[in-house]
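Step one of this worksheet: look at the structure below.
There are 2 protein chains.
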Amino acid sequence: MSTPTRVRAARKSPAERADDIARAARDLALEQGLAAVTLRAVAASAGVAPALVAHYVPSMETLIARTFQAVVSAEIIEIEALLATVEGPRVQLGALIRTVLDGTRDDVTVVWVEAWALGRRNETLARAVREEMDAWQAVLRGVIAAGVRTGDFETDDAAGVAWQLLGMVDGLNAQALVRWGDTGGRAALTLHAVEGMLGLSRGALG
Amino acid sequence: MSTPTRVRAARKSPAERADDIARAARDLALEQGLAAVTLRAVAASAGVAPALVAHYVPSMETLIARTFQAVVSAEIIEIEALLATVEGPRVQLGALIRTVLDGTRDDVTVVWVEAWALGRRNETLARAVREEMDAWQAVLRGVIAAGVRTGDFETDDAAGVAWQLLGMVDGLNAQALVRWGDTGGRAALTLHAVEGMLGLSRGALG
DNA sequence: GGAATTATTGACCGTTTGATCAATAATGTG
DNA sequence: CACATTATTGATCAAACGGTCAATAATTCC
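Here the protein sequences come in this chain order: A and B.
Taking our numbering, the leading residue of the first sequence gets 394, the next gets one more, and so forth.
Taking our numbering, the leading residue of the second sequence gets 394, the next gets one more, and so forth.
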């Protein structure tokens with residue numbers, strides 16, 4: 394048994410240290426969920442004393458909210474990059490759905506699910522959740538609205554369909570967290586579902 | 394300031410007391426979420442000493458799992474009763490979706506969302522979540538399979554569609570928890586989505 | 001009525017959480 | 001080199017958690 398001593402952390406500039414802490418929190422959230430982002434766990438992961446984390450962050454409530462935001466906004470940027478690589482609303486929407494449901498983002502899904510739960514007791518986090526949901530919906534709405542303009546899609550409520558699709562995807566991913574396996578048909582079925590919402594014939598997106 | 398003293402609880406039969414405690418836990422879960430189901434909170438709500446709750450329950454982990462199961466299985470029974478009041482797979486599926494998405498079950502949705510999150514650190518709860526998801530899926534699958542037999546629906550994967558619909562509904566309800574309002578179009582859009590998955594023409598369910 | 005049974009409780013314990021603050025040690029500046 | 005600045009830390013606190021156990025009080029039984 395070696396007591397897990399900790400050497401004194403090398404002195405760094407406040408900017409650099411703040412970055413270390415933010416990164417440690419982000420890693421913890423992705424590996425063990427938002428609930429694992431505690432003062433002591435972040436300190437241990439960053440290799441500093443717990444008091445230093447408290448010194449660099451106004452409160453754990455806000456650190457958790459910021460961490461959530463960092464994880465999710467990174468995902469949104471990733472998706473926007475994906476959309477830029479393909480052309481045409483139908484292809485874009487298909488690629489988006491297939492990517493988001495490919496089952497390789499369980500770590501981000503855990504962050505989402507825990508954010509919904511923790512947000513009920515952390516108003517700062519709840520605000521961040523609403524912001525990021527708005528951002529996600531805006532991306533989906535953009536693709537759908539573009540498709541309506543080009544005549545690819547048919548709906549008079551692009552915003553509503555975007556919310557609907559976002560909810561569907563979140564629910565399916567949350568479900569996959571508990572019921573591993575069976576992720577095969579999800580994307581195909583979701584595409585059919587979206588076809589139904591956008592007045593497309595069966596297979597128009599697949 | 395009156396210190397919240399507590400009178401000694403009247404002596405009851407073990408069965409009755411166990412019921413009191415289960416009911417107190419259930420009420421707490423519906424009013425404040427599963428995370429509020431703590432030893433002390435349940436004791437306070439039941440009007441007994443914390444030690445008595447510990448005496449009647451093997452562990453808080455299992456009390457939380459049982460409470461989740463009580464809340465959710467009651468909802469499933471309610472839905473099965475609803476299905477018995479109408480006839481024909483299309484009408485049944487429509488009624489089911491409209492009911493589940495009518496926005497009056499936020500309390501149950503909170504229990505679901507917190508169960509997904511807490512289940513990651515409570516294996517007993519995780520098992521209960523899987524069981525209840527299976528039960529829910531079985532209900533949906535029953536309606537869908539019946540529709541396939543009667544020729545109302547068209548799919549070769551009733552089980553898959555059932556899982557898909559369950560995920561969609563859960564996601565939409567979780568979303569409504571954060572983004573209140575706008576619950577108007579959800580049912581209609583969901584019906585169109587299901588039409589897409591079941592090879593139906595637009596409006597066949599609405 | 002007295003004794004055995006048992007439902008109930010208060011007083012604890014150990015752990016984990018977020019947070020504060022005086023003390024310490026490293027840096028940079030004159 | 002001496003000194004001011006400041007990044008970092010150990011010690012400590014209060015609150016909340018699940019859980020244990022001997023003592024107490026109500027009931028039942030003979």
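Positions of the beta carbon are idealized from the N, C-alpha and C atoms, including for glycine.
> Apart from the five residues just before and just after B:L584, which ones in its own chain have a Cβ nearer than 7 Å to its Cβ?
Replying inline: G487, I490, L598 and G599
>> Would you call the segment 499–511 of chain A in contact with the segment 509–518 of chain B, where contact means no fewer than 3 C-beta pairs closer than 8 Å?
In response: yes
> Are the beta-carbon atoms of A:D499 and A:E424 separated by less than 9 Å?
Replying inline: no
>> Please identify, using Cβ separations under 8 Å, the residues of the segment 499–520 of chain A that lie next to chain B, in order along the chain.
In response: V503, V506, E507, W509, A510, L511, G512, R513, R514 and A519
> A:T502: buried (16+ other C-beta within 10 angstroms of its C-beta) or exposed?
Replying inline: buried
> What whole-angstrom Cβ distance do A:V400 and A:A417 have, given they're in contact under 8 Å?
Replying inline: Wrong, their Cβ atoms sit about 17 Å apart, outside the cutoff.
> For B:S395, does the count of other Cβ atoms within 10 angstroms reach 16, so buried, or fall short, so exposed?
Replying inline: A caution first: B:S395 carries a pLDDT of 43, below 50, which makes its placement in the model unreliable, though a value can still be read off. By the 10 Å Cβ count, B:S395 comes out exposed.
>> Tell me which residue opens and which closes the alpha helix (DSSP H) that B:R523 is part of.
In response: E516 to T543
>> Helix, strand or coil for B:M590? Go by DSSP, reduced to three states.
In response: helix
> Do we get a CB-CB distance below 9 Å when we pair A:D420 with the residues of chain B?
Replying inline: no
> Is A:L399 helix, strand or coil when you go by DSSP?
Replying inline: According to the sequence shown, residue 399 of chain A is Arg rather than Leu. Here A:R399 sits in coil by DSSP.
>> Looking only at its chain, what residues have a beta carbon closer than 7 Å to the beta carbon of A:P451, apart from the 5 residues adjacent to it on each side?
In response: none
> When you compare only the Cα positions, how much space is there between A:S406 and B:L421?
Replying inline: 47 Å
> Can you check whether the CB of B:E473 is closer than 9 Å to the CB of B:V522?
Replying inline: no
> Roughly how many whole angstroms lie between the Cα atoms of B:V571 and A:E525?
Replying inline: 11 Å
> Relative to the C-alpha of A:T431, which residue among A:M453, A:A519 and A:L476 is closest?
Replying inline: A:M453
>> Please list, in chain order, the chain B residues whose beta carbon lies closer than 7 Å to that of A:R483.
In response: The premise fails here: A:R483 is roughly 14 Å from chain B at the closest Cβ pair, so nothing lies under 7 Å.
>> Short of 8 Å in beta carbon distance, which residues of its chain neighbour B:I469, apart from the five on each side in sequence? Order them along the chain.
In response: E525, A528, W529 and V532
> Taking only beta-carbon atoms, is A:D341 less than 9 Å away from chain B?
Replying inline: Only positions 394 to 599 of chain A appear in this structure, which leaves residue 341 of chain A out of reach.
>> Give me the chain B residues within the contact set of A:G409, using Cβ-Cβ distance strictly less than 9 Å, ordered along the chain.
In response: The sequence given here has Glu at residue 409 of chain A, not Gly. The premise fails here: A:E409 is roughly 32 Å from chain B at the closest Cβ pair, so nothing lies under 9 Å.
> What is the rounded straight-line gap between the Cα of B:G553 and the Cα of B:R483?
Replying inline: 18 Å
> To the nearest angstrom, how far is it from the Cα of B:A439 to the Cα of B:D413?
Replying inline: 6 Å
> So, is A:T460 buried or exposed, given that buried needs 16 or more other C-beta atoms within 10 angstroms?
Replying inline: buried
> So which of A:G496, A:A437, A:D549 and A:R419 has the shortest CA-CA distance to A:S466?
Replying inline: A:R419
>> Extract the residue ranges of the alpha helix (DSSP H) inside the segment 409–468 of chain A, only unbroken runs of 4 or more that lie entirely within it.
In response: 432–439 and 443–449
> What residues in the segment 521–537 of chain B bring their beta carbon closer than 8 Å to a beta carbon of chain A?
Replying inline: V522, R523 and M526
> Could you give the C-beta distance for A:M590 and B:L582, rounded to a whole number, given that I count them as a contact under 8 Å?
Replying inline: 6 Å
> Does the separation of the CB atoms of B:L565 and B:R579 fall below 9 Å?
Replying inline: yes
> Could you give the residue range of the alpha helix (DSSP H) that holds A:E547?
Replying inline: From DSSP, A:E547 is part of no alpha helix (DSSP H); its letter is neither H nor E.
>> Does any residue of chain B have a CB that is nearer than 9 Å to the CB of A:V541?
In response: no
> Starting from B:L369 and walking both ways along the alpha helix (DSSP H), at which residues does that stretch end?
Replying inline: A question about residue 369 of chain B goes unanswered here, because the residues of chain B that appear run from 394 up to 599.
> Between A:L485 and the rest of its own chain, which residues show a CB-CB distance below 7 Å, the 5 nearest in sequence each way excluded?
Replying inline: In the sequence as displayed, the identity of residue 485 of chain A is Gln instead of Leu. Cβ neighbours of A:Q485 beyond the five flanking positions: L476, V479 and V536.
> Could you give the C-beta distance for B:L518 and B:A458, rounded to a whole number, given that I count them as a contact under 8 Å?
Replying inline: 4 Å
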